[in-house]
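Contents: one structure, followed by commentary.
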Amino acid sequence: MPQPGFIRDNGPVNHADQETPASAGPAPDDAAASFDGRQGDGDTGRSRGSRLHPRVTSFRSRRGSLTPAQQQAWDRMWPQVGAEVGDTLLDTTAWFGRQAPLVLEIGSGTGTATAAMAKAEPHVNLLAVEVYRPGLAQLLQQIERDDIPNVRVLRGDAVEVLENMVAPASLTGVRVFFPDPWPKARHHKRRLLQASTFALIASRLRPGGVLHVATDHAEYAEWIAEVGGAEPALTALDWESPMTHERPVTKFEDKAHRAGSTINEFIWGRIRS
């Protein structure tokens, strides 16, 4: 079992198509929004709607429009399985129509990996957070096409979800796959995975819950190992995990493999009281 700070080159599990997320590098103005699920005001230094504290944004602001097919899927599915990020605590039992372990995915991108993992874990309620509307629309199309009952989606800032919409000690797991590395030193303050975020995630995990992080950026991996490893509520996972750690390999990750990049993974457990 990977330890805090453990880095491994994760070989392919199975292949699933997904568009290149923002973490892959600078993007054109009309491309997708961030892969780490946070929403803000460009370079203003403050994220939109941060309720508890101001913070810099952690994504590249980008635009995208829906195709006619995506808009139709959005119109059909969004009222059932989608919601905007807000201030109200979620009643996930009512929303999913059942009580089940709740896993939060921060930055679902175009959702192919999200859909695949949801199908692999039918006993789990999967809550996916993303800011990019076309990406969410693609996920809605997959949910409808494959009749996936255990996914709900939120559009907006994942930190606001953690702050306002998820109760303390309520999550079985949190997944953060390939967040934007913001490689320049002057941009490190924009990284999603800061000490404060690790503390917030840990507070929302139930005792024994799991945080699973993956990145292909070597320097960001060192940052994650240091900052995450310093969070006192997280520890080496020395018990059976309540969720799978198998990830579908997206087009983006497959491209990283072909380029010789190491896929760095970190798995922590919330200390049991």
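Count along the sequence shown from 1, add 61, and you get the number used in my numbering. In this text, a Cβ means the ideal position worked out from N, Cα and C, and glycines have one as well. Predicted, not measured: the structure shown is a model, and the values here were computed from it.
CA-to-CA, the gap between A294 and T233 works out to about 15 angstroms. Rounded to the nearest angstrom, the gap between the Cα atoms of E301 and G125 is 41 angstroms. Look at P242 here: in three-state DSSP terms it is coil, with no helix or strand label.
Below 8 angstroms, enough C-beta pairs join the stretch 136-147 and the stretch 214-229 to call them touching: three or more. When the beta-carbon positions are compared, L253 and R331 stay at least 8 angstroms from each other. Uninterrupted alpha helix (DSSP H) stretches at least 4 residues long and entirely within the stretch 173-258 occur at 173-181, 194-207, given in chain order. Note that the C-beta distance between R236 and V192 is not below 8 angstroms. Exclusion of the five residues before and after T305 leaves M178, A181, E182 as the residues of its chain whose Cβ lies within less than 8 angstroms of its Cβ.
Inter-residue distance for D299 and L127 is about 44 angstroms (C-alpha atoms, whole angstroms). Remark: C-beta atoms of T173 and E166 do not approach each other more closely than 8 angstroms. For W329, the pairing in a beta bridge is given by DSSP as L272, A297. Our two residues, A297 and D136, have alpha carbons roughly 43 angstroms apart in a direct line. If you look at I167, you'll find it in the beta strand (DSSP E) that goes 163-167. When the beta-carbon positions are compared, Q202 and Q132 stay at least 8 angstroms from each other. DSSP lists L232 as the beta-bridge partner residues of L266. Judged by DSSP in its simplified three-state form, A320 adopts coil rather than helix or strand. Proximity to A260 across D277, V220, N186, A279 peaks at V220, based on C-alpha coordinates. V190 is the residue among V190, F157, V222 whose C-alpha sits nearest the C-alpha of F238. For G147, the three-state secondary structure derived from DSSP is coil. Looking only at Q160, A279, N186, the smallest Cα-Cα distance to P240 is reached by A279. Under the 10 Å beta carbon count, R247 is surrounded by fewer than 16 other beta carbons and is classified as exposed. Of the residues assessed, H184 falls on the exposed side of the cut-off, its CB having fewer than 16 other CB atoms within 10 angstroms.
Secondary structure of G289 (DSSP, three-state): helix. Per DSSP, the unbroken alpha helix (DSSP H) holding T154 starts and ends at 153-157.
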